[in-house]
Amino acid sequence: MKIALSALVVIVAVVAAAFSEPASFTLQVKAESNEAFILQVENPAKKRLWLTIRHSGTGPVVDTMICSPVFRCRYIMSDVEDGNYEVSVTDGKFQASRNFELATKTIVRRDLVVKE
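Letter by letter, the sequence shown follows residues -20 to -1, 1 to 96 in mature numbering (1 follows the signal peptide of the UniProt record, and there is no 0).
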């Protein structure tokens, strides 16, 4: 019996804070494959931003600061736990976040071979 494991990244919601003035940065999260996504932050004002990727049960997986005008990174989620995650970027005043779910699906494949 052969068992194939694959993970699935699904962007399930978009949540952004609503303020009277626009945020000085933008956040984009795009699924690239079943186990990876591309995160891009445009920060033309070069403000100090905090990026956090957090698992709903176990806490932060990534916690870093961004000061560059454009930040683009590919995150491969093959070694992290299944569950719900939140990608959050804040400058202390404004916050943008995206949620996604990572779920492993097990596929069983059986081969019958007749030996003569």
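Don't be surprised by glycine CBs; every beta carbon is placed ideally from N, CA and C.
Owing to the predicted nature of the structure, the values given are computational and were not obtained by experimental measurement.
N-terminal and C-terminal residue of the beta strand (DSSP E) that residue i is part of
{"i": "PHE5", "result": "That residue, PHE5, is in no beta strand (DSSP E); it is neither H nor E in DSSP."}
{"i": "LYS85", "result": "75 to 89"}
{"i": "ALA16", "result": "16 to 22"}
Cutoff 7 Å; reference residue i; Cβ partners in own chain excluding five residues on either side
{"i": "ARG54", "result": "GLU12, ALA16, ILE18"}
{"i": "LYS10", "result": "PHE17, ILE18"}
Close Cβ partners of residue i (< 8 Å) along its chain, the five nearest in sequence each way excluded
{"i": "PRO2", "result": "none"}
{"i": "SER48", "result": "ASN23, LYS26"}
Proximity winner among the options, relative to residue i (alpha-carbon distances)
{"i": "ILE33", "options": "VAL93, THR84, SER4, GLU66", "result": "GLU66"}
{"i": "VAL50", "options": "LYS10, THR6, GLU96", "result": "THR6"}
{"i": "SER68", "options": "THR86, LYS95, MET45", "result": "MET45"}
{"i": "ARG78", "options": "VAL94, LEU31, ASN14", "result": "LEU31"}
{"i": "MET57", "options": "THR70, VAL42, GLU96", "result": "VAL42"}
{"i": "ASN14", "options": "GLY72, GLU96, VAL94, THR84", "result": "THR84"}
Cutoff 6 Å; reference residue i; Cβ partners in own chain excluding five residues on either side
{"i": "ARG52", "result": "GLN20"}
{"i": "GLN8", "result": "GLN20"}
{"i": "THR70", "result": "TRP30"}
Inspect the CB distances between the region 31 to 42 and the region 54 to 74 and report whether three or more fall short of 8 Å.
-> The answer is yes - the region 54 to 74 touches the region 31 to 42, with three or more Cβ pairs under 8 Å.
What residue ranges within the region 32 to 71 form continuous beta strand (DSSP E) runs of no fewer than 3 residues, ordered along the chain?
-> Runs of the beta strand (DSSP E) inside the region 32 to 71: 39 to 46, 50 to 56, 63 to 70.
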